[in-house]
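Numbering (my numbering), first residue to last: 336 to 863.
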């Protein structure tokens, strides 16, 4: 409507003034501009600054038109014409800018449509071009001449700037098709990065090294581009690979079970729970087998730190299972080892384990010989921070003694919500109830730092308990007290309630130990 009013100025009966310069038309156009500005401010308040700029241009155009009218009345027609043309151009620019704001930021969002930035710029540029052609026509230049000249100029420009135009059209196509969007992670050749901006000529990609890669849009249109992790209506996840090698002497099933159990037991930051991480055999080598862990990365910026966390889990899982990582077959180790030196080393390790066992309340009634028998049966079991050393509800096979590190005892309710009930430090033990009575784990113990443990199975106790069944009574007292303490935290029991539960719990535990280990004599009589 406004451009029509501006175009009508060429046919005005006033020789030196356009129709827009007349008071009534100025008021009408100004009123329309103010209403449009109010609609934009209401529908898109975030663009208040751009509305203010358009309003300033429009006010300046009114000033120029007023100056043109004053110059005409003062007898300066050439000055008046120049000011009028300038005012019309500035006003047209202000109106085009405001209309683009209304159309792209108010009208289109109402119908849930979002246009690419390049399309907005193209429409505004066409609006400016329309103003220019109209002003040329208004000045007496033939439209047919403008079209002919424009065609020739376009051909020359298109031939000389074909690469630039290819980039422009490529950028327009990228944003119209939405094949690549701002924020996407993409891979071009060997380079990965996040799309930060899609401009007229190029697309800016920020790599993980905080470098910005500038790629011409025509290259993206012609070459192969991988959009990482994008799936329709599904979370952003990208599959990653971590490789390791193990000697052929270890069965692949043992390796896969140890690694998958460790990776799935507790969540790892940046690793998707669904699908879960998995371990596969990858390839046969000369003296070892290659394995691969596949997991799905949720934070594509943190690929290397997440890979590192997965490798740490793998290392500790294999160490705990007694599975060494492979070494090259041609490596030769030469070590002068005498029987005497080997014996001293073994004796030192046994003494270290006996010392750890002696501080465990469960074994206070055992003799030095019995402690050495247990020490000889203990196994080394390391855990990394964040791993579950035992899990609530799992079948119990081991008793653990912490020699270094710490852990938290957690109990989950019927809805799966975990609650912290205790903390464990070096010298504490856990898992004794399940191993001694055959019951499932009553709590989850989570390593809060890298932790080293000794672990014992029930076979290590069998010979000692059969030789001295009375030890079972002392163990049952310790286990009963620990069970009641755990129940007191879980059920908020007072001292009197704990005291009432202690004796029945001790009798129940002693009966289970007697049955599980097949004891006779002292332990059986103590339970009666």
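A virtual CB, placed ideally from N, CA and C, is assigned to each residue, including glycine.
Straight-line Cα distance separating residue 561 from residue 794: 56 Å
Identity of the residue in 769, 652, 516 nearest residue 811 by Cα: 769
Outcome for residue 446 when other beta-carbon atoms lying within 10 angstroms are tallied against a minimum of 16: exposed
Expected contact under 8 Å - CB spacing of residue 617 and residue 573 to nearest Å: No, residue 617 and residue 573 are not in contact; Cβ-Cβ is about 19 Å, not under 8 Å.
Environment of residue 405 [buried if 16+ CB atoms lie within 10 Å]: exposed
Residue 730 to residue 639 span [Cα, whole Å]: 35 Å
Euclidean distance between Cα positions of residue 311 and residue 585: Outside the modelled stretch of the chain, which goes from 336 to 863, sits residue 311, for which no answer is possible.
Helix, strand or coil at residue 853 [DSSP, three-state]: DSSP, reduced to helix, strand and coil, places residue 853 outside both helices and strands of the structure shown, so it counts as coil.
Residue-level contact to chain B via CB, residue 650, 8 Å cutoff: No chain B is present in this structure, which holds just one protein chain.
Neighbourhood of residue 738 by C-beta distance below 7 Å, restricted to the same chain and skipping five residues each side: Excluding positions up to five away in sequence, the list reads 691, 761, 787, 788, 789.
Start-to-end residues for the beta strand (DSSP E) that takes in residue 407: Not the beta strand (DSSP E): residue 407 falls in the alpha helix (DSSP H), residues 383-408.
Cβ pair count under 8 Å reaching 3, the region 745-754 against the region 682-691: no
N- and C-terminal bounds of the alpha helix (DSSP H) containing residue 787: If you look at residue 787, you'll find it isn't in any alpha helix (DSSP H); it sits in the beta strand (DSSP E) that goes 786-792.
Pairwise C-alpha distance: residue 390 and residue 433: 8 Å
Through-space distance from residue 533 to residue 550, alpha-carbon basis: 10 Å
CA nearest to the CA of residue 710, picked from 467, 383, 837, 796: 796
Residue 641 classed as buried or exposed, judged by whether at least 16 other C-beta atoms fall within 10 angstroms: buried
Rounded straight-line distance, which links the Cα of residue 743 to that of residue 782: 7 Å
Identified DSSP bridge partners for residue 739: The bridge partners DSSP lists for residue 739 are 787.
Cα-Cα separation, residue 839 to residue 817: 13 Å
Environment of residue 847 [buried if 16+ CB atoms lie within 10 Å]: buried
For residue 551, the three-state DSSP class (helix, strand or coil): strand
Cβ neighbour criterion (16 or more within 10 Å) applied to residue 854: buried
Alpha-carbon spacing of residue 647 relative to residue 712, whole angstroms: 27 Å
Residue 494 to residue 463 span [Cα, whole Å]: Summary for residue 494: the model assigns pLDDT 47, below 50, so the residue's position carries little reliability, and this model does not support an answer.
Residue interval of the alpha helix (DSSP H) (run including residue 650): 638-655
Where residue 690 falls: helix, strand or coil (DSSP): helix
Exposure label - residue 699; buried when at least 16 CB within 10 Å: Burial call: exposed.
Limits of the alpha helix (DSSP H) - the one that residue 379 falls within: First-last for residue 379: undefined, no H or E at that position.
Span separating the alpha-carbon of residue 370 from that of residue 429: 14 Å
Unbroken stretches of the beta strand (DSSP E), 3 residues or longer, contained in the region 796-820: none
Proximal residues to residue 852 (C-beta, below 8 Å), its chain only, five neighbours per side dropped: 793, 796, 797, 800, 801, 807
Sequence-distant residues of its chain with Cβ nearer than 8 Å to residue 375 (five each side left out): 382, 386, 433, 436, 437, 440, 441
Residue of 644, 706, 592, 723 minimising C-alpha distance to residue 776: 723
Counted within 10 angstroms of its Cβ, other Cβ atoms place residue 619 as buried (16 or more) or exposed: Residue 619 should be labelled exposed.
Assigned secondary structure, residue 752 (DSSP; H/G/I helix, E/B strand, else coil): coil
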